[in-house]
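In our numbering, the protein residues as written are 5 to 57. Glycine residues also receive a C-beta, built at the ideal position from the N, C-alpha and C atoms.
As structure tokens, then:
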């Protein structure tokens with residue numbers, strides 16, 4: 005697959021953002037998605053894709 009989708013890690017509890025004095029680090033889950041899933045996200049929005057995932 006040539007596309008990826010980045011989202012909050014819903015599978016694991018405890019992965020919270022870390023705030024430093026000059027920046028914030030957020031943990032993200034990387035999910036490979038198909039061309040059809042990418043097109044669906046573009047047409048319907050990221051939230052709609054997340055509901056399907």
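Residue environment, residue i, which counts as buried when at least 16 other CB atoms sit within 10 Å
i	result
residue 52	exposed
residue 30	exposed
residue 45	buried
Expected contact under 8 angstroms - CB spacing of residue i and residue j to nearest Å
i	j	result
residue 11	residue 35	7 angstroms
Residues of its chain near residue i, where Cβ-Cβ distance is below 6 angstroms and the 5 sequence neighbours each way are ignored
i	result
residue 22	29
residue 33	11 and 13
residue 42	7
CA-to-CA distance, residue j to residue i, given in whole angstroms
i	j	result
residue 56	residue 7	16 angstroms
residue 9	residue 16	17 angstroms
Same chain only: Cβ atoms within 7 angstroms of residue i, ignoring 5 sequence neighbours per side
i	result
residue 54	11
residue 5	36, 37 and 38
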